[in-house]
Amino acid sequence: MHAWPASEVPALPGEGRDLRIHDTATGGLVTLDPGPVARIYVCGITPYDATHMGHAATYNAFDLVQRVWLDTKRQVHYVQNVTDVD
Numbered sequence: 163m164h165a166w167p168a169s170e171v172p173a174l175p176g177e178g179r180d181l182r183i184h185d186t187a188t189g190g191l192v193t194l195d196p197g198p199v200a201r202i203y204v205c206g207i208t209p210y211d212a213t214h215m216g217h218a219a220t221y222n223a224f225d226l227v228q229r230v231w232l233d234t235k236r237q238v239h240y241v242q243n244v245t246d247v248d
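The sequence shown finishes on residue 248 if you use the working numbering, and the numbering steps up by one all the way, no holes.
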């Protein structure tokens, strides 16, 4: 298995804000507070045919979650798979 080295995420001035998401049960926003260490596992894409920009949505969405948590000075353990069906 090949793993790429982690990219450096530049520090931003100021303090990061906690991540808030839409709660479909209440219709409101809730704050995600994973504590000082955030752990995230993302079931990645399973490309059955030619890849397209829709596949990038998973990568973009959860990369942003990771970056928001890093900006709040949390340690983040991020794991994502990609299923190869060939």
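The C-beta atom is built at its ideal place from N, Cα and C for all residues, glycine as well.
Burial check for Trp231: the Cβ neighbour count within 10 Å reaches 16 or more, so the residue is buried.
Within a 10 Å sphere around the beta-carbon of Leu181 sit 16 or more other beta-carbons, which makes this residue buried.
Rounded to whole angstroms, Leu191 and Pro172 show a C-alpha spacing of 28 Å.
Annotation for Ala218: no beta strand (DSSP E) segment contains it, though the alpha helix (DSSP H) segment containing it runs Met215 to Asp233. When only Cα atoms are considered, Tyr240 and Thr188 end up about 28 Å apart. When only Cα atoms are considered, Asp195 and Ile207 end up about 26 Å apart. A buried status is given to Ala200, since no fewer than 16 other beta-carbon atoms sit within 10 Å of its beta-carbon.
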